[in-house]
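For the sequence shown, counting from 1, position 2 maps to 100 in the numbering used here; every step adds exactly one. Glycine included, C-beta positions come from ideal geometry on N, C-alpha and C.
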Amino acid sequence: AMSQTVPPDLQARVVSPHQRVRFSAETNALLRTRLQYAALDIAIVLAISFVGNFLASSHEWLLLRSIVLGWVIAAYFLLKSGFRFDGFALRAFEIALFGAVAIQLSLMMNGRLRFFAERGDATSVVGTQYLYFTAFCLHVLTYGIFMPNSWKRAAVVTTLIALIPYAVWFGTAAFHPEIGKLASTN
């Protein structure tokens, strides 16, 4: 039988708890590709929503939505470029990409809830709640589909994203009690 040797870069290494494990080139390439396509997916969804709302003469949050859409498109092209990113930079891209969308959704949810509560529109308050809870579900799904992670890291990140709309809902309702009253009547 022929003896096979394992290349040094594939040999198991003992890593102490004090050493930081570095991403391999292969892991970086996978993370970069996944981030690139997550950015493309998010950009398409945001662009369709942006154009649809703009054509419907809904110009609320125009600046915020433009900035986030611009950032997501820029992230896609930066990741597509030949510029080299290490593992830390790629994880920073991940936080910035998914964080920007979460911030946009949170601010828009808060604004819409307050807008409809001020007008006493119970149906729209509940509709806004369902709309943004669904949007955050899609955000979690997008993260889960595209981002390579250990199951522990994925569980932490997706749980945190999933808790955001609840924090926005209860936080907004705490400062605007009419939201809870309107929601309970519908």
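- Query: Which of helix, strand or coil does DSSP assign to Arg217?
  - Reply: The sequence position of residue 217 within the sequence shown is 119, counting from 1. Of the three classes helix, strand and coil, the one that applies to Arg217 here is coil, per DSSP.
- Alpha-carbon to alpha-carbon, Cys235 and Val255: For the purposes of this step, residue 255 is identified with residue 157 of the sequence shown, where counting begins at 1. For the purposes of this step, residue 235 is identified with residue 137 of the sequence shown, where counting begins at 1. Going by the C-alpha atoms only, they are around 13 Å apart.
- Query: Does the Cβ-Cβ distance between Arg132 and Phe183 come in under 8 Å?
  - Reply: The residue given as residue 132 occupies position 34 in the sequence shown. The residue given as residue 183 occupies position 85 in the sequence shown. Result no, Cβ atoms of Arg132 and Phe183 do not sit closer than 8 Å.
- Query: Just reading off the alpha helix (DSSP H) that Glu158 is part of, what are its end residues?
  - Reply: By 1-based counting over the sequence shown, the position of residue 158 is 60. Careful: Glu158 lies outside any alpha helix (DSSP H) and carries neither H nor E.
- Item | Contact under 8 Å by Cβ, Tyr174 with Ala145 | The residue given as residue 174 occupies position 76 in the sequence shown. The residue given as residue 145 occupies position 47 in the sequence shown. Cβ distance not < 8 Å, so Tyr174 and Ala145 don't count as in contact.
- Message: With a threshold of 8 Å between beta carbons, is Ala198 in contact with chain D?
- Response: No chain D is part of this structure, which consists of one protein chain only.
- Message: Within the continuous alpha helix (DSSP H) that includes Ser282, where are the two ends?
- Response: Within the sequence shown, residue 282 is the residue found at index 184, counting from 1. Start and end: Glu276 to Thr283.
- Could you give the distance in angstroms between the alpha-carbon of Phe273 and the alpha-carbon of Asn284? Taking the first residue of the sequence shown as position 1, residue 273 is located at position 175. Taking the first residue of the sequence shown as position 1, residue 284 is located at position 186. Near 20 Å, if we compare the C-alpha coordinates of Asn284 and Phe273.
- Query: Leu203 and Tyr241: beta carbons closer than 8 Å?
  - Reply: By one-based count along the sequence shown, residue 203 stands at place 105. By one-based count along the sequence shown, residue 241 stands at place 143. Not in contact: Leu203 and Tyr241 (Cβ atoms no closer than 8 Å).
- Message: Cutting at 8 Å between CB atoms, please list the residues of its own chain near Leu167, excluding the five before and the five after it.
- Response: Reading the sequence shown from its first residue, position 69 is the one you call residue 167. Here the set comprises Ala141, Leu144, Ala145 and Phe148.
- Item | Helix, strand or coil at Gly180 according to DSSP, with G and I counted as helix | Mapped onto the sequence shown, residue 180 falls at position 82. The answer is coil: DSSP assigns Gly180 none of H, G, I, E or B.
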